[in-house]
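Report on the structure given below.
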Amino acid sequence: MKKGVLVASLLLVAGLVGFLVLPRYMASAPPVEAQASLGKPAPGFQVVDVTGESVALSALSGKYVVLEWWNHGCPFVQALYKDGKMQEQQKKWTGRDVQWLVVCSSAPGKQGHVTPEEAIRIQAEAGGSPTRILLDPQGMLGGLYGARTTPQMFVIDPQGVLIYAGAIDDRGSKNYVEQALNEAFEGRPISEPLTVPYGCSVKYGAKT
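2 is the number of the first residue of the sequence shown in the numbering used here; add one for each residue after it.
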């Protein structure tokens, strides 16, 4: 009996490992290696947003920052926006001066790729209220953070430290980003700093 339980446990672990790794192989590989690590300074970046303004992480020092990987053509993203769950979090936390940055890393010709004008229109029609929308068609920002699904979320504290990475929620009532920000604002440790993201693979372009 014990041997059977052990075998079953090993198979379960193997399955979980496969679940964690599989999305990386399903998606096109980002052009750079991931540098984001929980509890460490978040990788710095400087990206032009959809209005043509430059956005640097260093300029947001002293504020909480949320990165939301977004692909408007992804059914998982569509479901969250249709239910208003993502917009609710955007509105709640930008109202508390959290910098909510929507990032689109879809390459030209891939699902979800948008022009600045399209990104503005789609977010507006959905009732979104992010602080900024960043377009990352070369996948450099996505690569730095190891983004592999849409949606995928990252939370950075005012000291520039990455304190949460993973899914927006548990596909149910628990919102991991909301939980992490509530705990951080209250000065408590983040109870679940790392979760497994779910969704569509990020549509990176081919490596050159």
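The C-beta atom is built at its ideal place from N, Cα and C for all residues, glycine as well.
{"Check": "Reference residue 78, options 183, 143, 60, 104, closest by Cα", "Outcome": "104"}
{"Check": "Proximity winner among 101, 111, 50, relative to residue 206 (alpha-carbon distances)", "Outcome": "111"}
{"Check": "Beta carbon of residue 102 nearer than 9 Å to that of residue 135", "Outcome": "yes"}
{"Check": "Residue burial classification, residue 60 (beta-carbon count within 10 angstroms, cutoff 16)", "Outcome": "exposed"}
{"Check": "Distance between residue 71 and residue 159 (C-alpha atoms, nearest Å)", "Outcome": "23 Å"}
{"Check": "Contacting residues, own chain, Cβ-Cβ under 7 Å from residue 92 (five flanking each side not counted)", "Outcome": "130"}
{"Check": "Residue 54 versus residue 193 - alpha carbon distance", "Outcome": "34 Å"}
{"Check": "Whether residue 46 touches residue 57 by CB criterion (9 Å)", "Outcome": "yes"}
{"Check": "Alpha carbon of residue 211 to alpha carbon of residue 123, nearest angstrom", "Outcome": "This structure does not reach residue 211, given that the chain is present from 2 up to 209, and the question cannot be answered."}
{"Check": "Coil, strand or helix - residue 23 by DSSP", "Outcome": "Bear in mind that the predicted position of residue 23 carries a pLDDT of just 36, short of 50, making it too unreliable to give a figure here."}
{"Check": "From 68, 155, 147, residue whose alpha carbon lies closest to that of residue 33", "Outcome": "147"}
{"Check": "Where residue 66 falls: helix, strand or coil (DSSP)", "Outcome": "strand"}
{"Check": "Backbone CA spacing between residue 127 and residue 199 [nearest angstrom]", "Outcome": "21 Å"}
{"Check": "Where residue 88 falls: helix, strand or coil (DSSP)", "Outcome": "helix"}
{"Check": "Whole beta strand (DSSP E) elements within the region 95 to 177, 3-residue minimum", "Outcome": "100 to 105, 133 to 136, 153 to 157, 163 to 167"}
{"Check": "Coil, strand or helix - residue 51 by DSSP", "Outcome": "coil"}
{"Check": "Closest by C-alpha distance to residue 157, when choosing among 186, 140, 120", "Outcome": "186"}
{"Check": "Residue closest to residue 100, alpha-carbon to alpha-carbon, out of 114, 84, 133", "Outcome": "133"}
{"Check": "Per DSSP, cross-strand counterpart(s) of residue 195", "Outcome": "166"}
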